[in-house]
Ligand code: HEM
């Protein structure tokens, strides 16, 4: 528990819900917090631009499609292949490449169990 100095006005601090790391409970403010797994719809899908989704769709890489991205076949080969392009900066061609924190979030989504 956080000590409140005598005379100090008690202040409630809420985690910033726009920050997926905080929403997921990985970053907590003032003690405790529940851990919520990274969500494809909330945290991962919005990281892909419309142009990414549209350019990859004809190749059968369905970046905005949870069923495709979470497909468990061949040891989650779809998500794994997408992750490799992000981590190795081979996609999108010429960039802009994902910064490390976004790549880490994608990795976390995978290790959290490919949750919707
Ligand atoms: C399994 C993963 C992926 C594969 C196999 C793949 C493959 C390809 C191929 C063959 C092309 C067309 C040739 C080229 O322009 O180099 C392409 C284009 C493109 N890809 Fe991917 N890609 C993957 C993932 C991604 C991801 C994760 C993004 C975005 C974050 C992305 C964004 C794009 C864009 C924007 C283009 C069009 C580039 C342009 O025409 O200027 N791709 N991709």
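Residue numbers (this note's numbering): 230 to 345. In this text, a Cβ means the ideal position worked out from N, Cα and C, and glycines have one as well.
- Judged by pairs of C-beta atoms under 8 Å, the region 313-330 does not touch the region 291-298, as fewer than three such pairs exist.
- In chain order, 321 place their CB closer than 8 Å to the CB of residue 284, counting only its own chain and leaving out the 5 sequence neighbours on each side.
- When the five nearest sequence neighbours on each side are left out, the beta carbons in the same chain lying within less than 8 Å of the beta carbon of residue 305 are those of 299, 339 and 343, in order along the chain.
- When the beta-carbon positions are compared, residue 291 and residue 277 stay at least 7 Å from each other.
- Under the criterion of beta carbons closer than 8 Å, residue 268 and residue 345 qualify as touching, at roughly 7 Å.
- Less than 7 Å divides the Cβ of residue 341 from the Cβ of residue 266.
- If you draw a straight line from the Cα of residue 303 to the Cα of residue 310, it comes to about 11 Å.
- Residue 317 counts as exposed, since fewer than 16 other C-beta atoms from the protein chains shown sit within 10 angstroms of its C-beta.
- Of all alpha-carbon atoms in 315, 330 and 329, the one lying nearest the alpha-carbon of residue 281 is that of 315.
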